[in-house]
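Trainee:
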Amino acid sequence: MMKCEKYGERRGAAFGLAGVVKGFRITSLKKYGIAATLQQGLEDRASAKSREGALLGFECLCEKLGRLFEPYVIKMLPLLLVSFSDQVLAVREAAECAARAMMSQLTGHGVKLVLPSLLKGLEDKAWRTKQSSVQLLGAMAYCAPQQLSQCLPKIVPKLTEVLTDTHPKVQAAGQTALQQVGSVIKNPEINALVPILLSALTDPNDHTKHSLDILLQTTFINSIDAPSLALLVPIVHRGLRERGVDTKKKAAQIVGNMSSLVTEPMDMIPYIGLLLPEVKKVLVDPIPEVRGVAARALGSLIVGMGEQIFPDLVPWLLETLKSDNSNVERSGAAQGLSEVLAALGKDYFDQILPDIIRNCSHQKASVRDGHLTLFRYLPRSMGAIFQNHLQAVLPAILDGLADENESVRDAALSAGHIFVEYYATTSLPLLLPAIEDGIFSDNWRIRQSSVELLGDLLFKVAGTSGKAILEGGSDDEGASTEAQGRAIVEVLGRAKRNEVLAAVYMVRSDVSLTVRQAAVHVWKTIVANTPRTLKEIMPVLMDTLISSLASSSSERRQVAGRALGELVRKLGERVLPSIIPILSQGLKDPNASRRQ
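Here it is as structure tokens:
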């Protein structure tokens, strides 16, 4: 094995030795001094054949004895490292084969013993030691799958660092080692992209964005294995840290996709400590679209891996929701929390909702703002689950509309708009009364917001956007059609439609300019023919005006008086035959305020 001239004879002797040892059991290695002889052969600087033969024997013993040979592997490791930088090519090739055989048989315990010494070798000043350590780390790509997922998260980042080493041979060894990792990828889609991924690892400045583009364009049919993750994660991590909005978005999107594509979700665990802090940073990015992608990525991670892997995520999101720092941070946390709550399911949401509602009336404006902002995103992420809680949430939104802080008011109004957008048709009996009550509030801010929300709701029902530009003309010249009017009657019913339009007509005369403008916009967008509509709703309108004139609120009485005056001024004699009988009937009302 160590002295024959022909390679075939030496290789045959190595196989024979391994067979004999297997027959005589592992104890024969020590009994017959086989391990000591192999060690001497590896140390023989005078004979390349001895060194090569010892490595052939080492390789065959690894393959035949498997894990039983592991204690000797650990002992031989320093000599194997030296063999990688041997001056004779045949010895170096034998060292590579021996390393591959050794790594394929390592147990989890063996990996723990081998890896630290190899990683330490990368810090050595001697380039040959670095090169040998890199080559052996590359050989670890041939570990068993379970060991592979354990060691690759530590190996690949170190190999990418080696690519910038000052010595060209160390750089070349790093390239080869990464190619070895790429060669054991079982996922055919990633396998086809290995050259692109390696270029991104080698030259991240020029190739990261292109790699992320290609990954997003790839349709994955097969699941992603541990070696695939090892190459993907450093590129995605780099993408999350880029300044470019587009690159960050793509990287966050890939993070979300990865958890659902991996063969074994637990393969992702070693990378969570690397990726999660960066996703959190992207979640508080100034660009709303970027925050949205990061939020969805968090939700996907929870769905793919389970909440137990992220014990600190919900507490962090809740804490950021209360942040004094900026509106952007609170908005990002709200988006992230909405996706995470959707992933955690109904029971978890039922449990946490009372605390969220309680914080909507917190003494600190930033806390109120953050929690009201959360309600803006929950309908999108939770859909029907959230709809069941509208009754509990609406009072918090209405209180928020009257808040002294403008940011809080905006958050509440924005949430209200989303509620109408998502639930206008399915929860109309719940939303409409709450909004109608707001129209007659003593607080002008609530009146303004309620008119806007009512407009949203009516636009949704009528099938119009409400964004028509209504310039010039009188306050009665609308952009509505008869079909839209019929749609509103069909959904609300004629009686409720009359009540709603009566309320809108009245607040067209509100003491607050912003309320008047909002009401005029709604009226002109919804009503096609003002005189005819007024005639249809006259009994209800007069009832609304009389009730308001009898109100204890001086402001409401003033609005009703102005509305009545406006009605008579516009319609004159045409309206008097309708008004007089209603007023006469009102004089007989048992309520003294209404008679007055």
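Residue numbering for the sequence shown follows the UniProt record's numbering, starting at 1 and increasing by one per position. Beta carbons: idealized from backbone N, C-alpha and C, even for Gly. As the structure is a computational prediction, the values presented were derived from the model and not from experiment.
#1: Is A139 near Q180, with beta carbons less than 8 Å apart?
#2: Count the other CB atoms, across all protein chains shown, that sit within 10 Å of the CB of V500; report buried if there are 16 or more and exposed otherwise.
#3: Residues in the same chain with beta-carbon distance under 8 Å from V21, minus the five sequence neighbours each way, listed in chain order, please.
#4: With DSSP as the reference, label V527 as helix, strand or coil.
#5: Return helix, strand or coil for I352, following the three-state DSSP convention.
#6: Start and end of the alpha helix (DSSP H) containing S407?
#7: On the criterion of 16 or more Cβ atoms from any shown chain inside 10 Å, does N498 qualify as buried, or is it exposed?
#8: Taking the alpha-carbon positions, what's the A18 to E43 distance?
#9: Tell me, please, whether the stretch 185 to 193 touches the stretch 115 to 123 by the rule of three or more beta-carbon pairs shorter than 8 Å.
#10: By Cβ distance, which residues of its chain are closer than 8 Å to V408, with the 5 residues on each side in sequence left out?
#11: Rounding to the nearest angstrom, what Cα-Cα distance links A172 and N222 in this structure?
#12: Quick check on the burial criterion: 16 or more other C-beta atoms within 10 angstroms. Buried or exposed for V255?
#13: Look up I224 in the DSSP assignment and say whether it is helix, strand or coil.
#14: Give the DSSP-derived three-state secondary structure of V184 in the structure shown.
#15: Between E233 and L274, which are expected to be in contact by the criterion C-beta below 8 Å, what is the C-beta distance as a whole number of angstroms?
#16: Report the three-state DSSP secondary structure of V262 (helix, strand or coil).
#17: Which runs of the alpha helix (DSSP H), 4 residues or longer, sit entirely within the stretch 507 to 553?
#18: Mapping DSSP to helix, strand and coil, what is H237?
#19: Rounded to whole angstroms, what is the Cα-Cα separation between L80 and A99?
#20: By the DSSP assignment, the alpha helix (DSSP H) with C62 in it spans what residues?
#21: Since Q363 is in the alpha helix (DSSP H), which residue starts that stretch and which ends it?
#22: Terminal residues of the continuous alpha helix (DSSP H) containing A141?
#23: Quick test of your reading: L549 and G561, contact by CB under 8 Å. State the CB separation rounded to the nearest angstrom.
#24: Count the C-beta pairs between the stretch 285 to 295 and the stretch 344 to 359 that are closer than 8 Å, then say yes if the count reaches three, no if not.
#25: Applying the criterion that 16 or more other CB atoms from any shown protein chain within 10 Å of the CB defines a buried residue, is A411 buried or exposed?
#26: According to DSSP, simplified to helix, strand and coil, what is P71?
#27: Rounded to a whole number of angstroms, what is the C-alpha to C-alpha distance between M1 and K169?
Mentor: For this structure:
#1: By one-based count along the sequence shown, residue 139 stands at place 139. By one-based count along the sequence shown, residue 180 stands at place 180. Yes, they are a contact pair.
#2: Position 500 of the sequence shown, counted from the start, is the residue given in the question as residue 500. A residue is called buried once 16 or more other Cβ atoms fall within 10 Å of its Cβ, and V500 is buried on that count.
#3: As a working note, residue 21 is residue 21 in the sequence shown. Sequence-distant Cβ neighbours of V21 in its own chain, meaning closer than 8 Å and more than five residues away, are S28, L29, I34, L61, K64 and L65.
#4: As a position in the sequence shown, residue 527 is number 527, starting the count at 1. In the three-state scheme derived from DSSP, where H, G and I count as helix and E and B as strand, V527 is classed as coil.
#5: To locate residue 352, count along the sequence shown from 1; it is residue 352. I352 sits in a helix when the DSSP states are folded into three classes.
#6: Locating residue 407 in the sequence shown gives position 407, where the first residue counts as 1. Counted as a single uninterrupted DSSP element, the alpha helix (DSSP H) harbouring S407 occupies residues E406 to Y423.
#7: For the purposes of this step, residue 498 is taken as the residue at position 498 of the sequence shown. Buried, because 16 or more other Cβ atoms sit within 10 Å of the Cβ of N498.
#8: Residue mapping note: residue 18 aligns to position 18 of the sequence shown, counting from 1. Residue mapping note: residue 43 aligns to position 43 of the sequence shown, counting from 1. Between A18 and E43, the C-alpha separation is close to 20 Å.
#9: By the C-beta criterion, the stretch 185 to 193 is judged not to be in contact with the stretch 115 to 123, since fewer than 3 inter-stretch pairs fall below 8 Å.
#10: Translated into positions along the sequence shown, residue 408 becomes position 408. The answer, listed in chain order, is A365, R368, D369, L372 and G400.
#11: Reading the sequence shown from its first residue, position 172 is the one you call residue 172. Reading the sequence shown from its first residue, position 222 is the one you call residue 222. Going from the Cα of A172 to the Cα of N222 covers about 31 Å.
#12: Start at 1 with the first residue of the sequence shown, and residue 255 comes out as number 255. Buried, because 16 or more other Cβ atoms sit within 10 Å of the Cβ of V255.
#13: As a position in the sequence shown, residue 224 is number 224, starting the count at 1. Of the three classes helix, strand and coil, the one that applies to I224 here is strand, per DSSP.
#14: For the purposes of this step, residue 184 is identified with residue 184 of the sequence shown, where counting begins at 1. Per DSSP, reduced to three states, the secondary structure at V184 is coil, with no helix or strand assignment.
#15: For the purposes of this step, residue 233 is taken as the residue at position 233 of the sequence shown. For the purposes of this step, residue 274 is taken as the residue at position 274 of the sequence shown. In the sequence as displayed, the identity of residue 233 is Val instead of Glu. By a beta-carbon distance limit of 8 Å, V233 contacts L274. Their separation comes to about 7 Å.
#16: For the purposes of this step, residue 262 is identified with residue 262 of the sequence shown, where counting begins at 1. Reduced to three states, the DSSP call for V262 is strand.
#17: Correct list: 513 to 526 and 530 to 549.
#18: As a working mapping, residue 237 is identified with position 237 in the sequence shown. Helix at H237.
#19: On the sequence shown, residue 80 is found 80 positions in, with the first residue counted as 1. On the sequence shown, residue 99 is found 99 positions in, with the first residue counted as 1. Rounded to the nearest angstrom, the gap between the Cα atoms of L80 and A99 is 8 Å.
#20: For the purposes of this step, residue 62 is identified with residue 62 of the sequence shown, where counting begins at 1. Start and end: A48 to L65.
#21: By one-based count along the sequence shown, residue 363 stands at place 363. Taken as a continuous stretch (DSSP letters only), Q363 belongs to no alpha helix (DSSP H), as it is neither H nor E.
#22: Taking the sequence shown and counting its residues from 1, one reaches residue 141 at position 141. Careful: A141 lies outside any alpha helix (DSSP H) and carries neither H nor E.
#23: To locate residue 549, count along the sequence shown from 1; it is residue 549. To locate residue 561, count along the sequence shown from 1; it is residue 561. Correct: roughly 7 Å between the Cβ atoms.
#24: Proximity of the stretch 285 to 295 to the stretch 344 to 359 falls short of the contact definition, fewer than three beta-carbon pairs being nearer than 8 Å.
#25: Your numbering for residue 411 matches position 411 in the sequence shown. Buried: at least 16 other Cβ atoms inside 10 Å.
#26: To locate residue 71, count along the sequence shown from 1; it is residue 71. Three-state result, P71: helix.
#27: Position 1 of the sequence shown, counted from the start, is the residue given in the question as residue 1. Position 169 of the sequence shown, counted from the start, is the residue given in the question as residue 169. Between M1 and K169, the C-alpha separation is close to 31 Å.
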